[in-house]
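Enquirer: Just so you know, the working numbering puts 21 at position 19 of the sequence shown, and the rest follows in order with no gaps.
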Amino acid sequence: MGKGGSVEISLVIPVYNEAAILPELVSRLNKVCSGLGNSYEIIFVDDGSDDGSFETLQELKRQDPHLRLLKFTRNFGQQAAVLAGFRLCRGDIVVQLDSDLQHPPEEIPKLLEAFTGEVDLVTTIPKQRRDGFLRTLGSRYLHGFGQLLFGRTVKLNLSSFRAMRRGVIEKVEACRDRSRYMAVLMSWMAVPSVEIQVEHHIRQKGRTKYSILNLIQLTWDLITGYSNFPLRVVTYMGLFGALIGFAVMLFLLYQRIVQGVLIEGFIVLSAVFAFFAGVQLLSIGFLGEYLGRVHMQLQNRPDYIIEKVIE
Ligand code: UDP
Ligand code: MG
């Protein structure tokens, strides 16, 4: 992790195929930051772009000493990119934002103003979210589901537009889990925070990298990474099945002994068998998921591979 203190503010920005938007982003960021009166650095993490984003960044860096660039060997995902940026940055305050200008740089001063003595983390909530219908729906469901999972002790904020003191990053680093889903992790840590309203803009160029499929994957990651909920469901299903089986057995015994009837139960049996076969397969699947996670954690591969850093 980079050393703190040598600059006051670090911006950490993941980039995946955003070449068309980068020049405007950098010029608007500089305009805002130079007005702050603090020293700052802008860290771009190129997450394996293949549209020339990194070349564009290098070009921009030639005229701008504030930029520091990091390039992954391939696409490792937004979370990995943010983590890498956090490790490189040196600021006492770190601002994370997307590179697609949906998080307007002009809102950054508002985030910084929200830091008072007690606050370690400033999260944001869009005044009005400007995303496609499906993307918005996907986010709502992810948030609702996550909140359900955590219960009321954790207030989930999934926006990737946030600002934090350096200490928060050190706490993130101390969590050694595989899926460092930043927003969830930071919500889970529940460091003293405030949530402020900010503008949210339409993506001007390119399109979202999060399809419904990606969002389902994220949800699954959220569930298996942060709870044992599926395992508990399986336990309850097993309990339920065992109780039903026991009741049916009592009923059949009663019929046989008291009423003297022998019920021919092929159909009943097939149904019950199919149900339990299903439950068993499902259980094995769930167990496998967790075992897979343990396996990955044991392998302990890095979250990303860096190709180069340009200071
Ligand atoms: N991003 C990334 N790696 C990925 C996907 C996205 O670094 O694999 C970056 C992307 O360039 C953007 C941010 O993460 O800066 C958010 O992505 P996007 O705007 O596509 O998501 P949305 O706004 O729909 O949440
Ligand atoms: Mg976006």
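Idealized CB from N, CA, C, for every residue including glycine.
Report the three-state DSSP secondary structure of R76 (helix, strand or coil).
Expert: DSSP places R76 in coil when its eight states are reduced to three.
Enquirer: Between N216, L72, S229, which lies nearest to G153 when the distance is taken from Cα to Cα?
Expert: Looking at the Cα atoms, S229 is the closest of the given residues.
Enquirer: Going by C-alpha distance, which of F253, V296, I259, F117 is nearest I11?
Expert: Selected option, being the one with the closest Cα: F117.
Enquirer: Between G140 and chain D, is any beta-carbon pair separated by less than 8 Å?
Expert: In summary, chain D is missing from the structure at hand, where a single protein chain is found.
Enquirer: In terms of alpha-carbon separation, which member of D133, E57, Q65, N40 lies closest to A22?
Expert: Nearest of D133, E57, Q65, N40 to A22, Cα basis: E57.
Enquirer: Cutting at 6 Å between CB atoms, please list the residues of its own chain near V124, excluding the five before and the five after it.
Expert: L113, A116, A165, V196, listed in sequence order.
Enquirer: Can we count R205 as close to ligand 2, meaning its CB is less than 7 Å from some heavy atom?
Expert: At least one heavy atom of ligand 2 is nearer than 7 Å to the Cβ of R205, so yes.
Enquirer: Tell me which residues share the same chain as L34 and place their Cβ nearer than 8 Å to its Cβ, disregarding the 5 neighbours each side in the sequence.
Expert: In the sequence on display, residue 34 carries Val and not Leu. Counting only Cβ-Cβ distances below 8 Å, and skipping sequence neighbours, we find P107, E108, I110, P111.
Enquirer: Kindly examine ligand 2 and report whether one of its heavy atoms sits closer than 7 Å to the Cβ of D49.
Expert: D49: no, Cβ never under 7 Å from ligand 2.
Enquirer: Specify the secondary structure class of V263 as computed by DSSP and reduced to three states.
Expert: DSSP places V263 in coil when its eight states are reduced to three.
Enquirer: So F88 and V14 are in contact, right, with Cβ under 8 Å, and what is the actual spacing, rounded?
Expert: Rounded, the Cβ-Cβ distance is 6 Å, consistent with contact.
Enquirer: Where does A165 fall in DSSP's three states?
Expert: Strand.
Enquirer: Determine the DSSP secondary structure at Q98, reduced to helix, strand or coil.
Expert: Three-state result, Q98: strand.
Enquirer: Let's see if you can read the secondary structure: which residues bound the beta strand (DSSP E) around Y42?
Expert: 42 to 48 is the span of the beta strand (DSSP E), which, as asked, contains Y42.
Enquirer: In whole angstroms, what separates the C-alpha of D102 from that of G208?
Expert: Roughly 8 Å between the two C-alpha positions.
Enquirer: L72 and I246 look like a contact to me (Cβ under 8 Å); what is the Cβ gap, rounded to whole Å?
Expert: With 8 Å as the limit, L72 and I246 do not qualify as a contact, their Cβ atoms being about 57 Å apart.
Enquirer: Return yes when at least one heavy atom of ligand 2 lies under 7 Å from the C-beta of Q299, else no.
Expert: No, since every heavy atom of ligand 2 falls outside the 7 Å radius drawn around the Cβ of Q299.
Enquirer: Less than 8 Å between the beta carbons of Q65 and I312, yes or no?
Expert: No, the pair does not count as a contact, with Cβ atoms beyond the cut-off.
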